[in-house]
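Only one structure is covered here, and it is reproduced in the block below.
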Amino acid sequence: MLPIEASDNYKPHHERPSSDEPDMDEPEVERRPRKRRKKDLSKLPDMPLDILFEIFGNLHPLDLLRLARTTKALRDILMSRSSITIWREARNNVERLPDCPADLSEVAYANLAFDPHCHLTITLTARFLDWSGTQWFDALEGLDLQKVLPSILRSDKYWYRRDQIVQLTGIIEDFPAGEEEAMAFYNSRVAWVKEMQDSEVALTAWQEDQSQQRSQELDDLRLQRRKQIMERLAECGLADEVGLMDDDNFEAFITQSWMKQPKALTTRTWNNIKDSVIEYVLEVQSYRIANERLRVPSDRIETIAGILDQYARTRPTTEYLPSLPDICVSPEFIRWLTIEAPQVVGFTSTGIMQKLPEICAHWRKTASFELLEIMGPSEKAAPGYNEADELKRLDLATTFFKCVTECCYHGTIAYPRILVHPCAAPLSTFFNKPNSDVYDVLNALDVLGLRFPWNFSRDTIEFDWVAWDAAREIVTLCGGDPEKTTAMQMDALDRRLACKQCKTAMNWRKAVSLFLPQLNADSKLRQLICLRFCPFTKVYHSLSYTHMHSYRYVEPAQWRVLDQDRTDLVLQKEAERSEQAKRCWAKWCCTRCRTISGGRRMDWGSLKLHLVQDHGFEEGLRKGRDYYMHPDIESSEMDGPDEVHFQSRHK
């Protein structure tokens, strides 16, 4: 057979010329990137044992536990008897750790001391170790085991480990009957228990020391982070602002989430929290500047408060006066309160007393026009209709307002009582960035714990159209003209109306406030009040709890105006109950302790005790001179004579 001769054109692969043009016959294949092999510990057991022992001896006991739980090969190495030196060297790496107890192996000791999992449920738990053991059970009744077995006291009982009880029981059953052997065994058990207790004390002390040491390390890290943040703030020119913080603001500053973390501050971390830190510091700065501006107005408000109270005691008890915040926001007082001159012209007791009548009259007029704005324009304004005619609308018997705050329990509020309704003066709020003297005064009111001026938010008072419609029907039923009859005229008429369904007689204010406006209630509390005063659902026709917002007033035919004889009978019953009602309500105030805001409310017994102890009055008390009714109750529809139930001869 002849040998095959190589072609002249054949050349080895490494000598072939490379072509710049790709071969069009063969498709181009995209090569996938070679995956990097994951690193593992599979090759670690193949290393020489002396090298492994040298490496493992420098680890922490918890690291050895985790290594032993990775692969079977590492577990065989670390759990062998020859590896006990590794565990001892690892234990010596932990400072002040007591020696291994006699009843535990090195591995079991490391697992008990450092593994964060519960020994019973294998769940991750807090670091609370019971160095005496893990599984405990109540001792048998009559069996004294305290000296021969480790125990713990819980709920007035000594608890022991089940396995140790079983072991001790087996030893006792097989024990020889000799007295000397029994005594020797007893002494050995007592010594063993004493050794266990000593080990427990030492280990508990070490654990507490470790906890304190760890807490100190975390505190050091937090302090280091705080210093680093302060250095960053210094670069932004805000470090001095932190030094000007008061104790409360500084405490809040260092307890922020970005401040109290036990981690070193890196550039990346600072870039992430920079905006939040600067925003917080600037907010505290604005609060501090605003507080510095409040020193003068706050001191002067406290000064004029006593002067205003003196003025209130000189006025009739039936006069509705503005509150302290209302007077403070008047133009005259804003100028007096915010000017920085040490002595202000006119800012004296006499000067304030001279200004107050004009300020109070202006406040009442302004507040009245605000109420007229809430009511809306008059539909029957005749030619020549002026400002005085407009103000007369507030005195009509059909003028009622309502408070829309959820916490208010008042159904309907007449004029002028609405001028002193507390919900109309909401709690004040601090403005961090005051831009005018008015906001400085408002901030001063907030610092002093006072409220905002009356109707400041402009969203708490509404006109009560339900009560308006009901009052028109009742005024017409009493023979009056709803367009002209005033509330004072209805009070002077003093008629009594009777509900045919529930046989209840009451004055006209009670009839308006207790039956009809409650149907327009928005809160469950108002619904309960409505049902409390008139539990007879027939009055409301087909209205249900879910349709309380659907208003349908009581028709005039269901009401009846009592004649004079029955009115006298009702008045007599009301007089009999008035003394009891007088003692129950906390509505009385002392004229000698009257304040610009109305005074402290007291019941009748507390008022008499106050007048006797503080003012020396015992008898001869007179309303208007010695005491008066709080202005928020004087014209209250809820405070009229109690309704009287009677039996009617008419069906």
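Each residue of the sequence shown is one higher than the one before, counting from 1 in UniProt numbering.
Built from N, CA and C at the ideal position, the CB exists for glycine as well.
Asked	Found
Simplified DSSP state of A397, which is helix, strand or coil	coil
In DSSP terms, what T486 is bridged to	L396
Rounded Cβ spacing between R451 and L427 (contact assumed at less than 8 Å)	6 Å
Residue(s) in a DSSP beta bridge with I152	W159
Separation of L477 from W559, as counted between CA atoms	8 Å
Simplified DSSP assignment, three categories, for Y628	strand
P422 versus D395, S457, N443, residue with shortest Cα-Cα distance	S457
With 16 other Cβ atoms within 10 Å as the buried cut-off, status of P631	buried
Where F536 falls, given that 16 or more other Cβ within 10 Å makes a residue buried	Since pLDDT at F536 reaches only 32, below the 50 mark, its modelled position is unreliable, and the value read off the structure follows with that caveat. Exposed, because fewer than 16 other Cβ atoms sit within 10 Å of the Cβ of F536.
Extent of the continuous alpha helix (DSSP H) run through T269	267-293
Residue span of the alpha helix (DSSP H) that contains M230, given as start and end	179-235
I86 and F114 closer than 8 Å at C-beta	no
Distance between E279 and E208 (C-alpha atoms, nearest Å)	40 Å
Local conformation of T561 per DSSP, three classes	The sequence shown places Val at residue 561, rather than the Thr named in the question. Of the three classes helix, strand and coil, the one that applies to V561 here is strand, per DSSP.
Other residues of its chain near T485: CB distance less than 6 Å, five sequence neighbours each side excluded	A397, V475
Exposed unless 16 or more other CB atoms sit within 10 angstroms - verdict on D464	buried
Whole-angstrom C-beta distance between I307 and S349, which should lie under 8 Å	5 Å
Contact between the segment 189-208 and the segment 96-105 (3+ Cβ pairs under 8 Å)	yes
Straight-line Cα distance separating L571 from S597	33 Å
Chain-order list of residues whose beta-carbon lies under 7 Å from that of R268 (same chain, five-residue window excluded)	none
Nearest-angstrom Cβ-Cβ length linking W206 and R96, presumed shorter than 8 Å	6 Å
Proximal residues to Q228 (C-beta, below 6 Å), its chain only, five neighbours per side dropped	L265
Given 8 Å, three or more beta-carbon pairs between the segment 281-295 and the segment 437-445	yes
L59 beta carbon less than 8 Å from that of A108	no
Environment of S323 [buried if 16+ CB atoms lie within 10 Å]	buried
Within 8 Å, strictly: CB atoms of F400 and W468	yes
Range covered by the alpha helix (DSSP H) that runs through M245	First-last for M245: undefined, no H or E at that position.
Rounded distance between the beta-carbons of Y311 and L372, thought under 8 Å	That pair is no contact at about 27 Å.
As assigned by DSSP and simplified to three states, the class of I339	coil
Residues near V438 in its chain [Cβ-Cβ closer than 8 Å; skip 5 each side]	V329, I334
Segment contact, 8 Å Cβ cut-off, at least three pairs: the segment 585-600 with the segment 611-631	yes
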